[in-house]
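K.L.:
Below: one structure in structure tokens.
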Amino acid sequence: QSVLDACAPNAPYEIIIINDASDEVNTAHLHDIYQRCWQNTVIPVRIETLDENQGLSGARNHGIQLAQGEYVFTLDADDFVNKKAFIKVLRDVENLNMDMVFFGSYWYEKDHAWGMQGFKFEPKAEITVNQTVLAEYINSQTFYAWRFIAKRELLLQVPYPPRLYMEDVATSTPLLSRAKTIWYEPDQVVYYRQNPNSIMKVWSEKKSQDFLSTVQMLRERLLLDEPMTLPLQEAFLGLSCKAYLWACADAIRHRIPDSIGACQRIKAMHTQMFGKIKSAQWSTIWRRLDRRQFLAFVMLYYSPRLYRFALKAKQSLFPKK
Numbered sequence: 043q044s045v046l047d048a049c050a051p052n053a054p055y056e057i058i059i060i061n062d063a064s065d066e067v068n069t070a071h072l073h074d075i076y077q078r079c080w081q082n083t084v085i086p087v088r089i090e091t092l093d094e095n096q097g098l099s100g101a102r103n104h105g106i107q108l109a110q111g112e113y114v115f116t117l118d119a120d121d122f123v124n125k126k127a128f129i130k131v132l133r134d135v136e137n138l139n140m141d142m143v144f145f146g147s148y149w150y151e152k153d154h155a156w157g158m159q160g161f162k163f164e165p166k167a168e169i170t171v172n173q174t175v176l177a178e179y180i181n182s183q184t185f186y187a188w189r190f191i192a193k194r195e196l197l198l199q200v201p202y203p204p205r206l207y208m209e210d211v212a213t214s215t216p217l218l219s220r221a222k223t224i225w226y227e228p229d230q231v232v233y234y235r236q237n238p239n240s241i242m243k244v245w246s247e248k249k250s251q252d253f254l255s256t257v258q259m260l261r262e263r264l265l266l267d268e269p270m271t272l273p274l275q276e277a278f279l280g281l282s283c284k285a286y287l288w289a290c291a292d293a294i295r296h297r298i299p300d301s302i303g304a305c306q307r308i309k310a311m312h313t314q315m316f317g318k319i320k321s322a323q324w325s326t327i328w329r330r331l332d333r334r335q336f337l338a339f340v341m342l343y344y345s346p347r348l349y350r351f352a353l354k355a356k357q358s359l360f361p362k363k
């Protein structure tokens, strides 16, 4: 509904809702809303129901294949857009003929919203994509699929990998590497809902392993005209280390059984994919991580037990109110 509210009447837009093989109750509820609210809108709204559940990536890919427009914007089911800012972005898309248009977003929880980290791109200017731009994008680590509008032809070249968590990590940067020119509108467009029961808030070993897999896939899918420059190499190293840090720290913080064993398996996977960290790389890691992250990464890389002890000591000294 928030997208509909931002679309000008008779504008050349379409809205496609992918029903990813929901159960009968939710499917009936969706069709009831459609008949009451969206069936006769000026902007066409349609529901496509999948016979089998394909997951977030499969549903997105299916919608992109069905889309008729030159540009595609994807939005998660529980998020919404800021009408005024979204209208501005739609005008940018129509008038500028960029391959991708990026924009700011909010974290959102109940009635409170706060701005997400912005991109390091120059705002409101045509940007020619090169390896420096790719490195800046990786360093900002805002890979979310709903933080840009992209040409459909690019999205068809780099489909979202099926059945993987963090699927946009493996997709957004390779998409950017195929774009020639981009635009950045810093206004916050999307309200990204913080759900305590979402897949991002619950630990699983598969999710941790998938994070490493998507980082590796990011590198494999990049379309580069020349060998990877040093800044891009350093950005990629920093991202792989943060993936390792997040995966191991999350296991220990959630107090899962065999958290130390999980960290050991994650380290083995990290070493297999990216190699053992060499002494010359530590200065790069120091620059790519802040001090707290760097200290946590060193402990988790060499002694997850020491990190677990330090975390318990911190929680004992500074308990959450």
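Note that the working numbering numbers the sequence shown so that position 106 is 148, with each residue one more than the last.
By construction, the Cβ of each residue, glycine as well, lies at the ideal position given by its N, Cα and C atoms.
When burial is assigned at 16 or more other CB atoms within 10 Å of the CB, is residue 299 buried or exposed?
P.N.:
Residue 299 should be labelled exposed.
K.L.:
Between which residues of its own chain and residue 156 is the CB-CB distance below 8 angstroms, once the five residues before and five after are set aside?
P.N.:
Correct list, in chain order: 148, 149.
K.L.:
Any contact between the region 301-319 and the region 200-213? By contact I mean 3 or more CB pairs, one from each, below 8 angstroms.
P.N.:
No: fewer than three Cβ pairs fall under 8 angstroms.
K.L.:
State the Cα-Cα distance for the pair residue 316 and residue 45, rounded to the nearest angstrom.
P.N.:
Between residue 316 and residue 45, the C-alpha separation is close to 41 angstroms.
K.L.:
Beta-carbon within less than 7 angstroms of residue 357's beta-carbon, same chain only, minus the 5 sequence neighbours each way: which residues are those?
P.N.:
Cβ neighbours of residue 357 beyond the five flanking positions: none.
K.L.:
Just to confirm, are residue 277 and residue 172 a CB contact at a threshold of 8 angstroms?
P.N.:
No.
K.L.:
How do the region 159-177 and the region 220-229 stand: do at least 3 beta-carbon pairs fall below 8 angstroms, yes or no?
P.N.:
Flag = yes, the region 159-177 and the region 220-229 touch.
K.L.:
Could you compute how far the alpha carbon of residue 311 sits from the alpha carbon of residue 318?
P.N.:
Rounded to whole angstroms, residue 311 to residue 318 spans 11 angstroms at the Cα level.
K.L.:
Please specify which runs of the beta strand (DSSP E), each continuous and at least 3 residues long, are wholly inside the region 139-225, giving them in chain order.
P.N.:
The qualifying runs are 142-151, 154-157, 190-193.
K.L.:
According to DSSP, simplified to helix, strand and coil, what is residue 121?
P.N.:
Three-state DSSP puts residue 121 in coil, outside helix and strand.
K.L.:
In this structure, how does DSSP classify residue 229 when only helix, strand and coil are distinguished?
P.N.:
Reduced to three states, the DSSP call for residue 229 is strand.
K.L.:
Within this structure, are the beta carbons of residue 194 and residue 131 separated by less than 8 angstroms?
P.N.:
No; because the gap between Cβ atoms is not below 8 angstroms, this pair is not in contact.
K.L.:
Going by DSSP in three states, residue 297 sits in which element: helix, strand or coil?
P.N.:
Here residue 297 sits in coil by DSSP.
K.L.:
Are the region 55-66 and the region 74-91 touching, with three or more C-beta to C-beta distances below 8 angstroms?
P.N.:
Touching, yes, given that three or more Cβ pairs across the two stretches are closer than 8 angstroms.
K.L.:
Grab me the residues of residue 196's own chain with a C-beta within less than 8 angstroms of its C-beta, minus the 5 sequence neighbours each way, in chain order.
P.N.:
Taken in chain order, the residues that qualify are 141, 142, 217, 220, 221.
K.L.:
Could you name the residues of the same chain whose beta carbon sits closer than 7 angstroms to that of residue 274, not counting the 5 residues immediately before and after it, in chain order?
P.N.:
These residues qualify, in order along the chain: 173, 176, 177.
K.L.:
Locate the beta strand (DSSP E) running through residue 91, then write down its first and last residues.
P.N.:
Element bounds for residue 91: 87-91.
K.L.:
Whole angstroms is fine: what's the gap from residue 253's alpha carbon to residue 308's?
P.N.:
Looking at the two C-alpha atoms, the distance is approximately 10 angstroms.
K.L.:
Give the list of continuous alpha helix (DSSP H) stretches no shorter than 4 residues that lie fully inside the region 62-86.
P.N.:
Within the region 62-86, the complete alpha helix (DSSP H) runs of at least 4 residues are 66-75.
K.L.:
Output needed for residue 120: all residues of its chain with C-beta closer than 6 angstroms, excluding positions within five of it in sequence on either side, in chain order.
P.N.:
For residue 120, where only same-chain residues beyond five positions count, the Cβ hits under 6 angstroms are 235.
K.L.:
Starting from residue 253, follow the alpha helix (DSSP H) in both directions and report where the run begins and ends.
P.N.:
Counting along the chain, the alpha helix (DSSP H) containing residue 253 begins and ends at 247-263.
K.L.:
Considering only C-alpha positions, which residue in the set 246, 97, 166, 81 is nearest to residue 293?
P.N.:
Ranking 246, 97, 166, 81 by Cα distance to residue 293 puts 246 first.
K.L.:
By how many angstroms is the C-alpha of residue 282 removed from the C-alpha of residue 269?
P.N.:
Each residue's Cα considered, the two are about 19 angstroms apart.
K.L.:
Taking all protein chains shown into account, decide if residue 251 is buried (16 or more other Cβ within 10 angstroms of its Cβ) or exposed.
P.N.:
Buried.
K.L.:
Can you tell me where the alpha helix (DSSP H) holding residue 98 begins and where it ends?
P.N.:
97-108 is the extent of the alpha helix (DSSP H) around residue 98.
K.L.:
State the DSSP-derived secondary structure class of residue 40, mapped to helix, strand or coil.
P.N.:
Only positions 43 to 363 of the chain appear in this structure, which leaves residue 40 out of reach.
K.L.:
DSSP three-state call for residue 340: helix, strand or coil?
P.N.:
In this structure, residue 340 counts as helix in the three-state DSSP scheme.
K.L.:
Measure from the alpha carbon of residue 63 to the alpha carbon of each residue in 97, 82, 52, then state which is nearest.
P.N.:
The shortest C-alpha separation from residue 63 is found at 97.
K.L.:
Taking 8 angstroms as the threshold (C-beta atoms), are residue 125 and residue 65 in contact?
P.N.:
Contact flag unset, no.
K.L.:
Pull up the distance between the alpha-carbon of residue 144 and that of residue 191, whole angstroms please.
P.N.:
C-alpha separation (whole angstroms): 7 angstroms.
K.L.:
From the DSSP output, read off the bridge partner residues of residue 57.
P.N.:
Bridge partners of residue 57: 87.
K.L.:
So, using beta-carbon positions, are residue 215 and residue 264 closer together than 8 angstroms?
P.N.:
Yes, Cβ-Cβ distance for residue 215 and residue 264 is below 8 angstroms.
K.L.:
Round the Cβ separation of residue 261 and residue 353 to the nearest angstrom and send it over; I've been treating them as touching at under 8 angstroms.
P.N.:
31 angstroms between Cβ atoms; not a contact.
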